[in-house]
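Trainee:
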Amino acid sequence: MAKTHDDFFVGYIRGVPRGSRALIILVILAFVGAMSGAGYFISATQPDPGPGRFFFQHKAFTGILETAPYPLVRVAPNETYPEGHTLLLAGQGKRGVQATAAALAGKVVDVGGVLLKRGTIDMLQVGRRVPLQASVDGLSDDAREAIDLSVTDLGTWRLTGEICDGKCYVGAMRPGTGIAHKACANLCLNGGVPAVFVSTAPVEGTEFFLLSDQNGNPIDKELQRFVAARVQVDGQIERRGDLMVFKVDLNSVEVL
Amino acid sequence: MSVKYTPVQWNPNKYVYDLVTLAGIVLYIVLFLKFAPMEIERSQQVNYPILRMRAFGTCAFLLLSIILCIGPLARLDKRFLPLLYNRRHLGVLTFAVALTHASYVIDWYYVFSPTDRYVALITSNVDYGQFLGFPFEAFGIFSLFVLLVLAVTSHDFWLKFFTPPFWKALHMMIYVGYASLVAHVLFGYMQGATDPIFPVLVLFFSATVLLLHIAAGKRETTADRSTTAMIEGDWVNVARLEDLEDEHGHVVPLPGGERIAIFRYDGKLSATSNACAHQNGPLGEGRIIDGCITCPWHGFQYRPEDGCAPTPFTEKIATYRLLLKDGDILVDPKPNPPGTHVDPVLIGESV
Ligand code: HEM
Ligand code: FES
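These protein sequence lines are chains A and B, in that order. Each number in the working numbering comes from the position in the first sequence (counting from 1) with 41 added on. Each number in the working numbering comes from the position in the second sequence (counting from 1) with 437 added on.
As structure tokens, this is what we get:
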């Protein structure tokens, strides 16, 4: 009278009942197949993180240091930059170099480290071999002459784009932009890394701007609310050598 | 049904189950990290630490979605029941994958800074008042917390310790955890996502989980309604004898919404609560094996006449009094205290 119940699954007694076997085998195959396919294709279709990256060869430069809105060096023409260049500076990790830079504002400095590049923006991550210091040999008069110290006012603009931390954006993280990266960007900005604006449309050939407030000072912490989102901002654009500075009006920022 | 708690009571089914799960996870991660064509159409590769956090984050999302589909699938089609059997191992593995994601995130986005990484995690974005740029990490932290609590309390020791109703309620938190996880992805990654596949999978799985639960819930209420219970004095007429298959259970709803399980075996009838003392499995969908009611979920057993698990086990369920009248089965809707002996109704002697 006792039935075999072999259509009934009791895990500790026997395997999968015959009636379920085909379905369970199908589920197992589907699971393993779907996991493999999903892993492969989700990975393969991730969005392009952009071309920024580190160039891990130590380089040293001599130039004139400016500290507002963020530390930057007007580099005299050299092997790497035959025309000279304006380099943004950052420290190791999520740190700026404001502390060392403060005493050297306007002075001729030596500074070395590794470069990060993306588009027209170059940033030097200052290393230990040639720290940011008053220049040992100084600059020849010719070299000093060759530094483009001009400041040109390009007028008032309304730009659409993203407020980012300059270091992750130029390649310390890929991707170093977008909402998923916002907390990380805020942390960089808190540490003193220069804030940059990436415009969706270029102004005079560049989409990258160093950010400052209207008086040329570092942007207010208030503005972190808008980091990583697509925003529209009004401000004045200034060309310093080959670097563009976007002096934004904090009250004009609008999330799109 | 253990008397002595061992970490895991292994059997071949569990080995197969865990091996398949592990194979799925390993294939997913390896293909994600090593074999997907990363150079194609990208100016630079995604950073390895970010790739890693994405591999484990997306994997945990898929696993949790699959876990949540198993319950309603098994209710809709009993052939899926073997998938339910070892679901807790799947849950614990999912927690491990999610924890790996979270630690990779913390050890990349929140390090290299003068601020402590855990302080940075909760202070570097506090814009809780806005939609775009909302600190979506908070949803992830909450989901991880839920997965942790459930993984830690998944063992039957805690089930006993908390009592099954409380344990069951606690484990219902998985739904809040899943909702929070969907929010984590919607407010975070998906805000900037331009890739086609993962966002589609997120929408597909969250919709599937929802729809399967609605379908399974509907199926049960329809089943309840189609069984018309008629009240005759203190007794409720719940079924016809010929509807009961031998050595099978039969679920019937009482007017109050409670469900009971009726069993026909050895020429006798007995009724118990439909809820298994283990994890509320539906005993009425079980069988009589070796003279005992056997739960379809994990195979806990009870004697039909008194609702007690056979020695050495100690679980007890409520029993009900039955009457058989002209082929109608009547039940007294007042449950007896768990473990109360009730003489089975002999099918030969209708009253
Ligand atoms: C402490 C807890 C958590 C934190 C801090 C956290 C943080 C993050 C961050 C920062 C991202 C964006 C990554 C990127 O740049 O692409 C992310 C994405 C994601 N997270 Fe989490 N998460 C946590 C917990 C979880 C849990 C528990 C799960 C799943 C069970 C999960 C699943 C995902 C998924 C699916 C994504 C989208 C794909 C990706 O970018 O990885 N997260 N999470
Ligand atoms: S619910 Fe686990 S055996 Fe019944």
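Glycine is no exception: its CB is placed at the ideal position from the N, C-alpha and C atoms.
Here's a check: name, in chain order, each residue in its chain whose Cβ is nearer than 6 Å to the Cβ of B/ASP683, leaving out the five neighbours to either side.
Mentor: For B/ASP683, where only same-chain residues beyond five positions count, the Cβ hits under 6 Å are ARG701.
Trainee: Does any C-beta atom of chain A lie closer than 9 Å to the C-beta of B/SER710?
Mentor: No, B/SER710 lies away from the interface with chain A (no Cβ there is under 9 Å from its Cβ).
Trainee: With a cut-off of 8 Å on the beta carbons, I'd call B/LEU623 and A/VAL68 a contact; round off their distance for me.
Mentor: About 28 Å separates the two Cβ atoms, so there is no contact after all.
Trainee: DSSP three-state call for B/TRP734: helix, strand or coil?
Mentor: Coil, per DSSP.
Trainee: I'd like to know whether the C-beta of A/LEU228 is nearer than 9 Å to at least one C-beta of chain B.
Mentor: Taking Cβ atoms only, chain B reaches closer than 9 Å to A/LEU228, which makes this a yes.
Trainee: May I ask whether a heavy atom of the ligand HEM can be found less than 8 Å away from the beta carbon of A/GLU203?
Mentor: For the ligand HEM, not one heavy atom lies less than 8 Å from the Cβ of A/GLU203.
Trainee: Report the rounded CA-to-CA distance for A/LYS158 versus B/PHE549, giving the unit in angstroms.
Mentor: Between A/LYS158 and B/PHE549, the C-alpha separation is close to 20 Å.
Trainee: Do you know whose CA, among A/PRO92, A/ARG59, A/THR45, lies nearest A/GLY212's CA?
Mentor: The candidate whose alpha carbon is nearest that of A/GLY212 is A/PRO92.
Trainee: Could you name the residues of chain A that B/GLU574 contacts, counting a contact when the two beta carbons are closer than 7 Å?
Mentor: By Cβ distance, chain A contributes ALA224.
Trainee: Would you list the residues whose beta-carbon is nearer than 5 Å to any heavy atom of the ligand FES, in the order they occur in the chain?
Mentor: The answer, residue by residue, is B/CYS713, B/HIS715, B/GLN716, B/GLY718, B/CYS732, B/TRP734, B/HIS735, B/PHE737.
Trainee: Less than 9 Å between the beta carbons of A/GLU279 and A/ASP194, yes or no?
Mentor: For A/GLU279 and A/ASP194, yes; Cβs fall inside 9 Å.
Trainee: Near B/PRO636, which residues of its chain fall below 7 Å by C-beta distance, leaving aside the five closest residues on each side in sequence?
Mentor: If we look at B/PRO636 and ignore the five residues flanking it on each side, its Cβ neighbours are MET627, ALA630.
Trainee: Within 8 Å: the Cβ of B/ILE543 and any heavy atom of the ligand HEM?
Mentor: Correct: B/ILE543 has its Cβ closer than 8 Å to the ligand HEM.
Trainee: Can you name the residues of chain B whose CB is closer than 9 Å to the CB of A/PRO90?
Mentor: The contacting residues are ARG479, SER480, GLN481, GLN482, VAL483, ASN484, ILE487.
Trainee: Whose C-alpha, out of B/ILE504, B/ASN717, B/LYS705, B/ARG479, is nearest the C-alpha of B/HIS735?
Mentor: If we check each option's Cα against that of B/HIS735, B/ASN717 comes out closest.
Trainee: List the whole-angstrom C-beta distance separating A/THR108 from A/ALA146, where the pair is believed to meet the contact cut-off of C-beta under 8 Å.
Mentor: A/THR108 to A/ALA146, Cβ: 4 Å. Contact.
Trainee: Given this structure, state the Cα-to-Cα distance separating B/THR658 from B/PHE498, to the nearest angstrom.
Mentor: Rounded to whole angstroms, B/THR658 to B/PHE498 spans 30 Å at the Cα level.
Trainee: In chain A, which residues lie less than 9 Å from B/ASN717 when you measure between Cβ atoms?
Mentor: Result: empty, since nearest Cβ-Cβ is about 17 Å, beyond 9 Å.
Trainee: At 8 Å on the CB atoms, spell out the chain A contacts of B/HIS687, in chain order.
Mentor: The premise fails here: B/HIS687 is roughly 15 Å from chain A at the closest Cβ pair, so nothing lies under 8 Å.
Trainee: Is B/ALA708 near the ligand HEM, judged by its Cβ being under 8 Å from some heavy atom?
Mentor: No - the ligand HEM has no heavy atom lying nearer than 8 Å to the Cβ of B/ALA708.
Trainee: Contact defined as beta carbons within less than 8 Å: I believe A/PRO235 pairs with A/ALA131. What is the distance between those atoms, to the nearest angstrom?
Mentor: That pair is a contact at about 7 Å.
Trainee: Quick one: Cα of A/ALA75 to Cα of A/THR45, how far?
Mentor: Taking the straight line from one Cα to the other gives about 35 Å.
Trainee: What first and last residue would you give for the beta strand (DSSP E) that runs through A/ARG159?
Mentor: 149 to 159 is the span of the beta strand (DSSP E), which, as asked, contains A/ARG159.
Trainee: Exposed or buried, B/PRO772, counting other C-beta atoms within 10 Å across all chains shown (16 or more means buried)?
Mentor: When all chains shown are included, B/PRO772 counts as buried.
Trainee: At least one CB of chain B closer than 9 Å to the CB of A/GLN298: is that the case?
Mentor: As shown, chain A starts at 42 and ends at 297. That puts residue 298 of chain A outside it, with no answer to give.
Trainee: Evaluate A/ASN258 with the Cβ neighbour count: other Cβ atoms within 10 Å of its Cβ, from every protein chain shown; 16 or more gives buried, anything less gives exposed.
Mentor: Its Cβ having fewer than 16 others within 10 Å, A/ASN258 is exposed.
Trainee: I need the DSSP call for A/ASP183, collapsed to helix, strand or coil.
Mentor: It is helical.
Trainee: Going by C-alpha distance, which of A/ASP151, A/TYR210, A/TYR81 is nearest A/ALA101?
Mentor: Cα-wise, what sits closest to A/ALA101 is A/ASP151.
Trainee: Quick one: residues in its chain with C-beta nearer than 6 Å to the C-beta of B/SER643, no 5 flanking neighbours on either side, listed in chain order?
Mentor: Once the five neighbours on either side are set aside, the close Cβ partners of B/SER643 are VAL619.
Trainee: DSSP puts B/TYR739 in a beta bridge; with which residues?
Mentor: DSSP, once it has assigned bridges, lists B/ILE730 as partnering B/TYR739.
Trainee: Go ahead and pull the three-state DSSP assignment for B/HIS526.
Mentor: Here B/HIS526 sits in helix by DSSP.
Trainee: Please list, in chain order, all residues of the same chain as A/LYS223 whose beta carbon is under 6 Å from its beta carbon, the five residues on each side excluded.
Mentor: The answer, listed in chain order, is VAL268, ALA269.
Trainee: Kindly examine the ligand FAD and report whether one of its heavy atoms sits closer than 8 Å to the Cβ of B/LEU581.
Mentor: For the structure depicted, the ligand FAD is absent and the ligand set comprises only the ligand HEM and the ligand FES.
Trainee: Looking only at its own chain, which residues have a Cβ that is under 8 Å from the Cβ of A/GLY137, when we skip the five neighbours before and after it?
Mentor: If we look at A/GLY137 and ignore the five residues flanking it on each side, its Cβ neighbours are TYR111, PRO112, LEU130, ALA131, GLY232, GLY233, VAL234, PRO235.
Trainee: For a cutoff of 9 Å on Cβ pairs, would you count A/TYR111 as touching chain B?
Mentor: Output row for A/TYR111: interface = no.
Trainee: Looking only at DSSP bridge pairs, what is B/CYS506 linked to?
Mentor: None; B/CYS506 has no bridge partner.
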